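Going down the list, the sequences are from chains D and W. Numbering-wise (the working numbering), the first sequence opens with residue 9 and increments by one. Numbering-wise (the working numbering), the second sequence opens with residue 9 and increments by one. Note that beta-carbon positions come from the ideal geometry of N, C-alpha and C, so glycine has one too. All values derive from a computational prediction rather than experimental measurement. Below: the structure, in structure tokens.
Protein chains: 2
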Amino acid sequence: MTNQHIAPISSRFLRNRGRNRLSAEEVAALEVAFGGVRAVAARKTLIEKGAPVHDSTLLIEGVMCRYLDDQQGHRQLLGVHIGGDFVDLHGFPLDRLDHDVATLTEVKIATIPRERVMALIARFPNLARVLWRSTMLDAAMHREWIFRLGRLGAQGRVAHFFSEMETRLRLAGLANDNGAPLPINQADVAEACGLTPVHVNRVLRILREEGLMTFRSGVIEIGDRRRLQRLAEFDDSYLYPDTDAAP
Amino acid sequence: MTNQHIAPISSRFLRNRGRNRLSAEEVAALEVAFGGVRAVAARKTLIEKGAPVHDSTLLIEGVMCRYLDDQQGHRQLLGVHIGGDFVDLHGFPLDRLDHDVATLTEVKIATIPRERVMALIARFPNLARVLWRSTMLDAAMHREWIFRLGRLGAQGRVAHFFSEMETRLRLAGLANDNGAPLPINQADVAEACGLTPVHVNRVLRILREEGLMTFRSGVIEIGDRRRLQRLAEFDDSYLYPDTDAAP
DNA sequence: CGCAGCCTTGAAGTAAATCAAGGATTGTGG
DNA sequence: CCACAATCCTTGATTTACTTCAAGGCTGCG
Chain D
9 MTNQHIAPIS
19 SRFLRNRGRN
29 RLSAEEVAAL
39 EVAFGGVRAV
49 AARKTLIEKG
59 APVHDSTLLI
69 EGVMCRYLDD
79 QQGHRQLLGV
89 HIGGDFVDLH
99 GFPLDRLDHD
109 VATLTEVKIA
119 TIPRERVMAL
129 IARFPNLARV
139 LWRSTMLDAA
149 MHREWIFRLG
159 RLGAQGRVAH
169 FFSEMETRLR
179 LAGLANDNGA
189 PLPINQADVA
199 EACGLTPVHV
209 NRVLRILREE
219 GLMTFRSGVI
229 EIGDRRRLQR
239 LAEFDDSYLY
249 PDTDAAP
Chain W
9 MTNQHIAPIS
19 SRFLRNRGRN
29 RLSAEEVAAL
39 EVAFGGVRAV
49 AARKTLIEKG
59 APVHDSTLLI
69 EGVMCRYLDD
79 QQGHRQLLGV
89 HIGGDFVDLH
99 GFPLDRLDHD
109 VATLTEVKIA
119 TIPRERVMAL
129 IARFPNLARV
139 LWRSTMLDAA
149 MHREWIFRLG
159 RLGAQGRVAH
169 FFSEMETRLR
179 LAGLANDNGA
189 PLPINQADVA
199 EACGLTPVHV
209 NRVLRILREE
219 GLMTFRSGVI
229 EIGDRRRLQR
239 LAEFDDSYLY
249 PDTDAAP
């Protein structure tokens, strides 16, 4: 099923998060609800904590993140988003956001005004379920991040982070034979894993020397998936790959 | 507004998570959808990871938790639930659960069969939004737990955990002048905060000696809320207290 | 060429884990 | 009502993983 022609904006969402769950009519209604596609530079905060939610933002291309700052201004990443993810859909039922949303790379995004989301889900109850489900997938990832930070050591955390990202990129159809492209730096990984950049660097060296994986120039390459996932205590079922992804 | 008479099962949910957002008709429909109230002993796993979701469970009284096990069987708590919380509503759009759900104390619960939830939200789109919103509040708490584990030291983590629980208990109308009752032990706190029980004990002693708070016999007492919240970097806005709680 | 951003490595310091032992509290059966 | 067990809490000594501080080396780009 190629949605690319009939749904240029939402095709990756459909593949990544909503596959086989929307009718042609629903896809068409969703597609026309978006405003135009917009480009945003890397390292820009798009939405500030506390801001009222007027739109929902779909990430089409690039990498974004959500984060909370601590008192010294150090970030804790709460999630990393890739093409096909809604980055602030959870703000729709909550009215305002409880954290910041920023770009990590240059991105292309499209937005839907809040009222149009309201109208869409009133007209298509099934679409409401698909959108709810998408926010629940983010919540499932949140839970796994809690596990990662609460129970794993530095090597496990980094291994888990990259296991998740590589799996998601693959499920979204964004990985290829050369690896999975994730153009972020070691400091970003540190902010995701609750570690210092220095220590992430040391951990990456160990993982590289052990042949488990490499992360160089923004590309993830898995060397030994089995051992990497054992170290990470990683089980992809929380990404619901069987019910949600490309075949 | 006292829902206790007209909605004996869902009254605390309404107060805690859905206040002023449901019509009398919606409340009545929700109330009759529940099966009977059931008691469960302390420290029982109610729902296992991977289990298909046939019902949604509302916690009426007592304390429950969600958790993931690591390879040595040590738990990481993902959330703690009090009266008025749905403990597995997120499983409704996801079909199966990605973690375990267990009781920490004796509890009273009520369940709604999945099909009835489907029928209810088809009939009352507003109820769908209120339920979605409730799951989004859990996600907001997840995010704060990620921050807690990723950016705070042991004292901050424990202070943050108890700040959250005390606030939630108060918003749910479950706290009183003697403090906020949370009948769990230090090992549970350790599993929530990603620490060892020994270290939680040491941290609690410091917090007690500094006059910030005490936690004894399952009761939280806040000594100096301002300083506790500064230590915890705690800001209650993620609990949406203005829009959601008792007046 | 020279600068900026990012990565890498070393040495010293520290927060929390681990290991170990006892003490308090609650509940229970004689 | 007391003996005893079970559970939970408390404290000390040692070890360890990660941070912090510091410096230098790549790589790509204007």
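Going by Cα to Cα distance, which pick from the options is closest to residue i?
i: alanine 47 of chain W; options: W:Met72, W:Glu56, W:Leu236, W:Arg23; result: W:Met72
i: proline 60 of chain W; options: W:Glu69, W:Leu177, W:Leu85, W:Leu102; result: W:Leu102
i: phenylalanine 42 of chain W; options: W:Leu66, W:Lys57, W:Arg51, W:Asp244; result: W:Leu66
i: threonine 204 of chain D; options: D:Arg29, D:Thr143, D:Arg83, D:Val88; result: D:Arg83
i: aspartate 78 of chain D; options: W:Ala36, W:Pro133, W:Gly158, W:Val40; result: W:Gly158
i: alanine 240 of chain D; options: D:Pro133, D:Val35, D:Phe155; result: D:Phe155
i: leucine 247 of chain W; options: W:Arg104, W:Asn193, W:Val35, W:Thr143; result: W:Thr143
i: aspartate 244 of chain D; options: D:Ile14, D:Arg224, D:Met173, D:Val206; result: D:Met173
i: glutamate 56 of chain W; options: W:Leu215, W:Ile68, W:Leu76; result: W:Leu76
i: glutamate 218 of chain W; options: W:Gly81, W:Val206, W:Leu236, W:Arg141; result: W:Leu236
i: leucine 160 of chain D; options: W:Glu123, W:Ala162, W:Gln80; result: W:Gln80
i: valine 40 of chain W; options: W:Ala15, W:Arg25, W:Asn24; result: W:Ala15
i: arginine 141 of chain W; options: W:Ile68, W:Arg25, W:Met221; result: W:Arg25
i: alanine 32 of chain D; options: D:Gly58, D:Asn134, D:Gln194; result: D:Asn134
Inspect the beta-carbon positions of residue i and residue j and report whether they are closer than 8 Å.
i: aspartate 63 of chain D; j: histidine 98 of chain D; result: no
i: leucine 177 of chain W; j: glycine 226 of chain W; result: no
i: isoleucine 17 of chain W; j: valine 45 of chain W; result: yes
i: arginine 74 of chain W; j: glycine 87 of chain W; result: yes
i: leucine 22 of chain W; j: leucine 128 of chain W; result: no
i: phenylalanine 132 of chain W; j: glutamate 34 of chain W; result: yes
i: glutamate 199 of chain W; j: leucine 85 of chain W; result: yes
Using C-beta distances below 8 Å, list every residue in its chain close to residue i, excluding the 5 sequence neighbours before and after it, in chain order.
i: proline 249 of chain D; result: Thr175, Leu179
i: arginine 51 of chain W; result: Ala110, Thr111, Leu112
i: alanine 49 of chain W; result: Thr111, Glu114
i: isoleucine 124 of chain W; result: For the record, residue 124 of chain W in the displayed sequence is arginine; it is not isoleucine. Once the five neighbours on either side are set aside, the close Cβ partners of arginine 124 of chain W are Ala41.
i: glutamate 69 of chain W; result: Gly91, Val115, Lys116
Identify the residues that DSSP records as bridge partners of residue i: which are they?
i: valine 227 of chain W; result: W:Pro189, W:Arg224
i: proline 121 of chain D; result: D:Asp63
i: phenylalanine 94 of chain W; result: W:Leu66
i: lysine 57 of chain W; result: BP columns for lysine 57 of chain W are empty, so no partner.
i: threonine 111 of chain D; result: D:Met72
i: asparagine 24 of chain D; result: BP columns for asparagine 24 of chain D are empty, so no partner.
i: glutamine 84 of chain W; result: W:Leu76
i: asparagine 184 of chain W; result: W:Gly187
i: valine 3 of chain W; result: The shown model of chain W, from 9 to 255, leaves out residue 3 of chain W, and the question about it has no answer.
i: histidine 89 of chain W; result: W:Met72
i: arginine 104 of chain D; result: D:Pro60
Ignore the nearest five residues each way along the sequence and tell me which others in residue i's own chain have a CB closer than 6 Å to its CB.
i: phenylalanine 242 of chain W; result: His168, Ser171
i: alanine 36 of chain D; result: none
i: alanine 136 of chain W; result: Ile129
i: glycine 202 of chain D; result: Leu157
Apart from the five residues just before and just after residue i, which ones in its own chain have a Cβ nearer than 7 Å to its Cβ?
i: phenylalanine 223 of chain W; result: Phe170, Leu212
i: arginine 29 of chain W; result: Val138
i: arginine 216 of chain D; result: Thr222
message: Quick test of the definition: if touching needs 3 or more C-beta pairs under 8 Å, does the region 178 to 197 of chain D touch the region 135 to 150 of chain D?
response: no
- prompt: Okay, do the region 162 to 173 of chain D and the region 198 to 211 of chain D touch, 3+ Cβ pairs below 8 Å being the bar?
  reply: yes
query: Between the region 79 to 98 of chain W and the region 106 to 113 of chain W, are three or more C-beta pairs nearer than 8 Å?
result: yes
message: Would you call the region 231 to 250 of chain D in contact with the region 115 to 122 of chain D, where contact means no fewer than 3 C-beta pairs closer than 8 Å?
response: no
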